[in-house]
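Residue numbers (our numbering): 3 to 52.
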């Protein structure tokens, strides 16, 4: 259990956990894909004009 004196002090410890929880873990609402995987599937595959 950790106690922090401020949000500024807590943020460096908490943000990596939140990022992993929100972006790296599979979500049931996304068919057990991570958000990054679900997003990549929806990207257009055609060539973009220069």
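Note that CB positions come from ideal geometry on N, CA and C, so glycine has one too.
Residue 18: member of the alpha helix (DSSP H) spanning 9-21, first to last residue. The distance from the Cβ of residue 37 to that of residue 29 is about 7 Å, consistent with a contact at the 8 Å cut-off. Apart from sequence neighbours up to five positions away, the residues of its chain that approach residue 6 with a beta-carbon distance below 8 Å are 12 and 15, ordered along the chain.
In this structure, residue 32 sits away from residue 26, with a CB-CB distance that is not shorter than 7 Å. Boundaries of the alpha helix (DSSP H) harbouring residue 41: 37-44, taken from the DSSP string.
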